[in-house]
Amino acid sequence: MLSPLWILLTAFIFCVLFWKQHTKIQAAIAVTSISLYLASAVGLFVTVYQSGIQVVQIGNWPAPFGITLVADLLSATMVLISAVISFAIILYSLQDISEERKRKGFYPVLLVMMFGICGSFLTGDIFNLYVWFEVMLVASFVLIVLGNRKGQLEGAVKYVTLSFISSGFLLTGTAILYKLTGTLNMADLSVAIAQHPNQELITVAAVFFLVGFGIKAAVFPFFSWLPASYPTPPVSVVGLMAGLLTKVGVYALIRYFTLLFTYDLSSTHSVLLILAGLTMFFGVLGAVAQRDFKRILSFHIVSQIGYMVMGLALFTPLAIAGSVFYIIHHILVKTNLFLISGIVKVTNGYYALSKLGGVYDRFPFVTALFVISAFSLAGIPPLSGFWGKFILVKAGLEANQYLIVAVSLVVGLLTLFSMSKIWVAVFWSAQPQETQEAVTHTRKSLLKSHYMLLVSSAFLALCTLFLSFYPEALIALSKKTAEQLLDPQVYIRAVLGKNY
Amino acid sequence: MNLIISLIIGLLFSASLFLMFQKSFFKLIIGVILFGYATIFFLFTVGGVTKNAPPLLSKANAAVAQLADPLPQALTLTAIVISIGVQLFVIVLLKKVYEKVGTEDLDELNTTDKI
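Structure (structure tokens):
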């Protein structure tokens, strides 16, 4: 079970050995290691699906005294999707990242970030989660700044400060929980919190974690770092971060608020529901106002995070299943949209909507990729976004939460509006006269010089199509995951042994 | 003693957050550093404020009246190292931003916020 982590760590060490000059060797190491990572993630997922929760005690110290690594269905699914996305991104980055950035250590830092992400998904100890978060965050700081453009540096200041505040809140919450219960192991905490006489103090810790992970996951009102920093770095970086980093925050929220903080639903989950609605609404309002391709997509990330938190806050099996389905669908679609914006930059030379146009005439294949991803995001049947929104709306109606369902449907409409804004400006209408000279490629020259970009984007689009036309598999998996999440006894018994 | 420590932690949190809201780069750095100190100090005092209590038992002092909790001390060390790394990164980042943008005013960093 530790093989995903070992593969990434070894690959990072080898990449650092070839620092600075040998970028081709670094690229080769990165591609092979991410392929091996994908293989081991598939192996881990199959093992967890067939044999139940997998547990590893680090150093053979028995739980709850040592650090435990736990792979249940949610963790294994997230590791698998992170492997799929990093595979697409590493292929894309071969022709997208400039040589200057590659020489400054792009590949080792990317591998460290994947290492931190994989560790965050697999850990079963709250302080260990904080450490893995820091590994992932510091690597993402470096990736955002790599290249030293003015926009990158400015966005990085806001991103770093808010991330540091979020880590501080996580640490404070961990300290409070440790003082109240005397343990750091998640399974043991679940047992101890259930028996704790003073539930109000537990809620205090829950609020600290809500703020800390909320800043990380970009829920309202903590999301302002995201549109300020995500549009600035190169497309490979932003595709990986948009797909994964906020979802690690959502994963942590789901883990903590289904395993640990389930005894004061009126204080924790009702607040989450209100925040989810506000996140959805303000995210899409921000997206509708923007006039730059990547900035619209960044605001959409915020808005879609609201859907995932809504599923968690409703706290029924169907709602959490919808949340898991939405996470998987959104990671694939959002990363693909960013990759397509990178392809459009290559062909047309700009990100600003007013300077783009005519992509449908010249590159119908790129247009098809965009149609699949954008209309899936907006929730048009039969694409995967429709299934995700349908499950969440159905769960909301069954839980009698009509307001949040209404908000989610209105937000879906506004998402469709902003997506069609991009569609009309970039793909449908003709290229404006002033920017005709920036148009460089024909279909054949694009395929010859930037085939990797098209290959990785097509790979993700194929995954989305598979989810769209055969959603049964993922829906069944999400339902099974939700059942496992809502029954902490399975997790506790797997980690602590049979007598709990 | 407990009251003094609680007051200090509260003072550190409030001072650090106040400094992080100021316009100057330098005050942002000091705020970040103090915020790290506040959380780490809180983590440290979770172990109980006892004097002269050993954290680990050995054959020599096998029977002691009071034992200090070693786990928060370990967590504190980890958190100190991590926050030093982030602080170093923020300091160098702000130096580079000053070179690129030319101003020391955080309110001027708004090219990424314009529509």
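Protein chains in written order, with the numbering used here: chain A, 33 to 532; chain B, 155 to 269. Virtual Cβ for every residue (Gly too), placed ideally from N, Cα, C.
Beta carbon of residue i, beta carbon of residue j: below 7 Å?
| i | j | result |
| --- | --- | --- |
| A103 of chain A | M33 of chain A | yes |
| T467 of chain A | K387 of chain A | yes |
| G98 of chain A | I90 of chain A | yes |
| L221 of chain A | K254 of chain B | no |
| F402 of chain A | I375 of chain A | no |
| E258 of chain B | S170 of chain B | no |
| S408 of chain A | G417 of chain A | yes |
| G309 of chain A | V334 of chain A | no |
| V620 of chain A | V87 of chain A | With chain A represented from 33 up to 532, any question about residue 620 of chain A goes unanswered, as that position is not in the structure. |
| G190 of chain B | M174 of chain B | no |
| L307 of chain A | V251 of chain A | yes |
| Y383 of chain A | K421 of chain A | no |
| A249 of chain A | T278 of chain A | yes |
| V442 of chain A | V391 of chain A | no |
| A319 of chain A | S450 of chain A | yes |
Using a Cβ-Cβ cut-off of 7 Å, state whether residue i counts as contacting chain A.
| i | result |
| --- | --- |
| A233 of chain B | yes |
| I236 of chain B | yes |
| T204 of chain B | no |
| K343 of chain B | Past the boundaries of the shown model lies residue 343 of chain B; chain B is included only from 155 to 269, so the question cannot be answered. |
| V218 of chain B | no |
| V246 of chain B | no |
| F196 of chain B | yes |
| F243 of chain B | yes |
With a cut-off of 7 Å, does the C-beta of residue i fall near any C-beta of chain B?
| i | result |
| --- | --- |
| R323 of chain A | yes |
| G151 of chain A | no |
| F173 of chain A | yes |
| G187 of chain A | yes |
| L203 of chain A | yes |
| V192 of chain A | yes |
Going along chain A, which residues have a C-beta under 7 Å from residue i?
| i | result |
| --- | --- |
| K181 of chain B | Chain A residues near K181 of chain B: none, gap ~12 Å exceeds 7 Å. |
| D267 of chain B | A260 |
| L229 of chain B | F159 |
| G239 of chain B | V170 |
Would you decide whether residue i is buried or exposed? Buried here means 16 or more other CB atoms lie within 10 Å of its CB.
| i | result |
| --- | --- |
| P259 of chain A | buried |
| W164 of chain A | buried |
| W93 of chain A | exposed |
| W257 of chain A | buried |
| Y502 of chain A | exposed |
| A214 of chain B | exposed |
| W419 of chain A | buried |
| Y252 of chain B | exposed |
| N380 of chain A | buried |
| E166 of chain A | buried |
| I158 of chain B | exposed |
| D157 of chain A | buried |
| V439 of chain A | buried |
| W455 of chain A | buried |
| P253 of chain A | exposed |
| F331 of chain A | buried |
| M218 of chain A | buried |
| T265 of chain B | exposed |
| C129 of chain A | Correcting the residue identity first, residue 129 of chain A is Ile in this sequence and not Cys. Buried: at least 16 other Cβ atoms inside 10 Å. |
| Y139 of chain A | buried |
How close, in whole Å, do the beta carbons of residue i and residue j come, if the pair is a contact with beta carbons under 8 Å?
| i | j | result |
| --- | --- | --- |
| S118 of chain A | Y69 of chain A | 7 Å |
| A192 of chain B | F167 of chain B | 5 Å |
| G205 of chain A | G244 of chain A | 6 Å |
| I183 of chain B | I245 of chain B | 6 Å |
| V141 of chain A | L175 of chain A | 6 Å |
| I360 of chain A | V282 of chain A | Incorrect: roughly 12 Å between the Cβ atoms, too far for contact. |
| L202 of chain A | Y162 of chain A | 5 Å |
| A120 of chain A | S488 of chain A | 4 Å |
| L37 of chain A | F147 of chain A | 7 Å |
Could you tell me which chain A residues have their CB closer than 8 Å to the CB of residue i, listed as they occur along the chain?
| i | result |
| --- | --- |
| G190 of chain B | F196, G200 |
Below 8 Å on C-beta distance, what does residue i contact in chain B?
| i | result |
| --- | --- |
| K182 of chain A | K254, V255, T265 |
| K211 of chain A | V200 |
| V163 of chain A | T232, I236 |
| L263 of chain A | The sequence as given places Pro at residue 263 of chain A; Leu does not occur at that position. By Cβ distance, chain B contributes T266. |
Kindly say whether residue i, judged by its beta-carbon, lies nearer than 7 Å to any beta-carbon of chain D.
| i | result |
| --- | --- |
| E132 of chain A | The displayed structure is made up of protein chains A and B, and chain D is not among them. |
Output, in chain order, the set of chain A residues within a Cβ distance shorter than 9 Å of residue i.
| i | result |
| --- | --- |
| F175 of chain B | Within chain A, no residue comes near F175 of chain B; the closest Cβ sits about 10 Å away, beyond 9 Å. |
| P226 of chain B | A207, Y210, K211 |
Against residue i, what residues of chain B qualify as contacts under a CB-to-CB distance less than 7 Å, listed in chain order?
| i | result |
| --- | --- |
| A284 of chain A | None at all; the shortest Cβ gap to chain B is about 17 Å. |
| E166 of chain A | I236 |
For residue i, which residues in chain B fall below 9 Å Cβ to Cβ?
| i | result |
| --- | --- |
| V177 of chain A | F243, L247, K250 |
| E430 of chain A | The premise fails here: E430 of chain A is roughly 39 Å from chain B at the closest Cβ pair, so nothing lies under 9 Å. |
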